[in-house]
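Notes follow the structure.
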Amino acid sequence: MGLLPHRYPFALVDRLVACEPGVSAEAIKNVTLNEPHFPGHFPGRPLMPGVLIVEAMAQVAGLIITQMPDTPDGLFVFTGIDGVRFRRPVVPGDQLRIHCKTLSLKRNNTIGKVYAKACVDDKEVCSGNLMFSLLI
């Protein structure tokens with residue numbers, strides 16, 4: 286997906302479903318067995334690492350800001366998490382549906398906080414607040 290600066294193997298968003306720039310975004314990540322982390326996490330019982338679920342949510346959150354017409358040039362980076370909880374495992378064959386909503390934007394849209402939630406089959410697997418800022 287060309288809207289993000291990430292590329293394989295770290296592009297964790299397959300399709301943008303909806304985006305209201307500056308407000309919210311929804312995207313999909315199809316979890317497949319051929320992803321590079323599964324052979325070691327865990328052999329015989331592959332689970333998507335929680336840090337990668339959070340990173341996928343952060344990538345969707347980044348789309349909310351980068352799609353705004355007045356967004357400054359530069360690279361938005363993930364700067365923090367708050368209250369993230371993992372509710373259930375994510376395994377190959379699952380489809381993560383990621384929903385993000387802006388909580389705050391500051392300093393001419395260069396610092397932000399987003400609430401993010403990831404679901405599989407309409408069941409929450411992970412949620413929390415994510416912070417990011419612009420590197421110029």
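Note that the sequence shown covers residues 286 to 421 in the working numbering. Beta carbons are placed, not taken as given, at the ideal position from N, Cα and C, and that holds for glycine.
If you ignore the 5 residues before and after Arg-372, its C-beta comes within less than 8 Å of the C-beta of Lys-408, Glu-409, Val-410, Cys-411 and Ser-412, all in its own chain and listed in chain order. Residue Lys-402 holds the alpha-carbon nearest to the alpha-carbon of Ile-383 among Phe-327, Thr-356, Glu-320 and Lys-402. Relative to the Cα of Pro-357, the nearest Cα in the group Pro-290, Tyr-293 and Leu-420 belongs to Leu-420. Between Gly-365 and Met-416, the C-beta gap is smaller than 8 Å, which places the two residues in contact. Taken atom to atom, the span from the alpha-carbon of Ile-396 to that of Ile-350 is near 10 Å. Between the beta-carbon of Lys-314 and that of Leu-289 there is about 12 Å, and that puts the pair past the 8 Å contact cut.
For the options Leu-348, Glu-305, Val-369 and Ala-341, the alpha carbon positioned closest to that of Leu-360 is the one of Leu-348.
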